[in-house]
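Residue numbers (the numbering used here): 20 to 415.
Using N, Cα and C, we set each Cβ at its ideal position, and we do this for glycine too.
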């Protein structure tokens, strides 16, 4: 995709303030590929560069996210696989909104361990799927009955799963508004109608298998649709929401002022059982496929700490976690980035690991008292090689 950098800068700096969210102003942002980083609006560079600065890529720029680049919030998006300007613009708006949240002092963040230990119980999944359909219908139909149904089912789930429902509401609080402004931006820059885009985002809300397979990501769409309900029920809600300490759902509940006096009957459908079985099978298959993947197998043993991770791409099974995308670890008091799938093993706290399993495309190079790992660097320790692969024991 060819990008007009000046158009992008102008669109970001002149169109988003108060257009998608009252008081929303852009922080620094960058688009990058595996070679270059195009950095905009960063205070450390604006005195020298009135437009943007081009930097060489390094491992601080990974994923589509918000980072603190030179101690300033910076939205970053990898443009290598972007299809068109509307997609690039809307993704940047999403991440820039996280920068706005940062500047507002946002503290309502979820405990990510609850996301990977989330219970796939029959009753909860049955109700969760029904709840999401009610939320979808409430936005599209404007019928009070659907709002009541959504509220009543969610309150029932609160009784069932407690802190895990609270986890969902906090993901909705952080990511729902970001998806909401992303949707507005995409509608603004694309050639299709708002209703078409609403149905597109709605598919992510009501796809029952996908929402069970990716619990955290599924909260993005439910949070966005709660934002859309608030637009209808309480226009101008944005500022007071930021001023509150409530989750997005709690804020919504106080606005609608409904009493939880509706009996919810739970009958487990065959589809729910099939979905849970499918999701559990998929998780086990992911671990099996990883372990049997061709390449150079490497086990690293010793005390390591997870420093940075991608919560949307983690799978827990017993005392191990598959990180599908990337992970940054503290090893021997140094930070290492692994930009490919790994499995971490732990005893009590998933962030404190005792073993790391990697499958490499390039054979590691044996050096004195260390292994040189392609794309990662030198890791010190005692290493051995046998028919199963390499083993590196870290020094205490």
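From the DSSP output, which residues share a beta bridge with residue 320?
-> Residue pairing of residue 320 in beta bridges, as defined by DSSP: 374, 412.
Between which two residues does the beta strand (DSSP E) containing residue 97 stretch?
-> Taken as a continuous stretch (DSSP letters only), the beta strand (DSSP E) holding residue 97 covers 91-97.
Can you give the Cα-Cα distance for residue 43 and residue 412, rounded to whole angstroms?
-> Separation of residue 43 and residue 412 (C-alpha to C-alpha, rounded to the nearest whole angstrom) is 49 Å.
Would you check if the distance between the CB atom of residue 137 and the CB atom of residue 195 is smaller than 8 Å?
-> Contact: no.
Inter-residue CB distance, residue 314 and residue 378 (contact presumed, cutoff 8 Å) | At roughly 4 Å, the Cβ-Cβ gap stays under 8 Å, so residue 314 and residue 378 are in contact.
Measure the alpha-carbon distance for residue 356 versus residue 190 and round it to whole angstroms.
-> Rounded to the nearest angstrom, the two C-alpha atoms are 25 Å apart.
Taking only runs that begin and end inside the segment 272-341, name each unbroken alpha helix (DSSP H) of 4 or more residues, in chain order.
-> Counting only runs of 4 or more residues that sit fully inside the segment 272-341, the alpha helix (DSSP H) segments are 289-310, in chain order.
Among 182, 38, 228, 348, the one whose alpha carbon lies nearest that of residue 373 | Relative to the Cα of residue 373, the nearest Cα in the group 182, 38, 228, 348 belongs to 348.
Per DSSP, the bridge partner or partners of residue 389 = Partner(s): 386, 399.
Grouping DSSP H, G and I as helix and E and B as strand, with all else coil, what is residue 22?
-> Collapsing the DSSP output to three states places residue 22 in coil.
First and last residue of the alpha helix (DSSP H) that includes residue 165?
-> For residue 165, the enclosing alpha helix (DSSP H) has its first and last residue at 163-180.
Of all the options 286, 343, 279, 293, which has the alpha carbon lying nearest to the alpha carbon of residue 177?
-> The residue among 286, 343, 279, 293 with its C-alpha nearest the C-alpha of residue 177 is 279.
Should the segment 326-333 be called in touch with the segment 232-247, which here means at least 3 C-beta pairs below 8 Å?
-> Enough Cβ pairs lie closer than 8 Å, so yes.
At a cut of 8 Å, does the segment 95-114 reach the segment 27-38 through at least three beta carbon pairs?
-> Counting Cβ pairs under 8 Å, three or more are found: they touch.
When you compare only the Cα positions, how much space is there between residue 293 and residue 141?
-> If I take the Cα positions, the gap works out to 10 Å.
Among residues of its own chain, excluding the 5 on either side of residue 303, which ones have a beta-carbon nearer than 8 Å to its beta-carbon?
-> For residue 303, the CB contacts under 8 Å within the same chain, skipping 5 residues up- and downstream, are 336 in chain order.
Please report the Cβ distance between residue 275 and residue 247, rounded to the nearest whole angstrom; I am assuming they are in contact, meaning their Cβ atoms lie under 8 Å.
-> With a beta-carbon spacing of about 14 Å, residue 275 and residue 247 fall beyond the 8 Å limit used to define contacts.
By Cβ distance, which residues of its chain are closer than 7 Å to residue 169, with the 5 residues on each side in sequence left out?
-> The answer, listed in chain order, is 150, 153, 154, 157.
DSSP puts residue 361 in a beta bridge; with which residues?
-> Looking at the DSSP assignment, residue 361 forms a beta bridge with 342, 377.
Mind the definition here: the segment 68-79 touches the segment 50-60 only if three or more C-beta pairs lie below 8 Å; say whether that holds.
-> The segment 68-79 vs the segment 50-60: in contact.
Whole-angstrom distance between residue 77 and residue 49, CA atom to CA atom | In this structure, the alpha-carbon of residue 49 lies about 13 Å from that of residue 77.
Could you give the distance in angstroms between the alpha-carbon of residue 52 and the alpha-carbon of residue 394?
-> Rounded to whole angstroms, residue 52 to residue 394 spans 16 Å at the Cα level.
Distance CB(residue 381)-CB(residue 362) smaller than 8 Å = No, the Cβ-Cβ distance between residue 381 and residue 362 is not below 8 Å.
Identify whether residue 53 lies in helix, strand or coil by the three-state DSSP scheme.
-> Taken through DSSP and simplified to helix, strand or coil, residue 53 comes out as coil.
Please classify residue 75: does DSSP put it in a helix, a strand, or coil?
-> Strand, per DSSP.
Residue 20 and residue 95 look like a contact to me (Cβ under 8 Å); what is the Cβ gap, rounded to whole Å?
-> So it is not a contact: roughly 17 Å between Cβ atoms.
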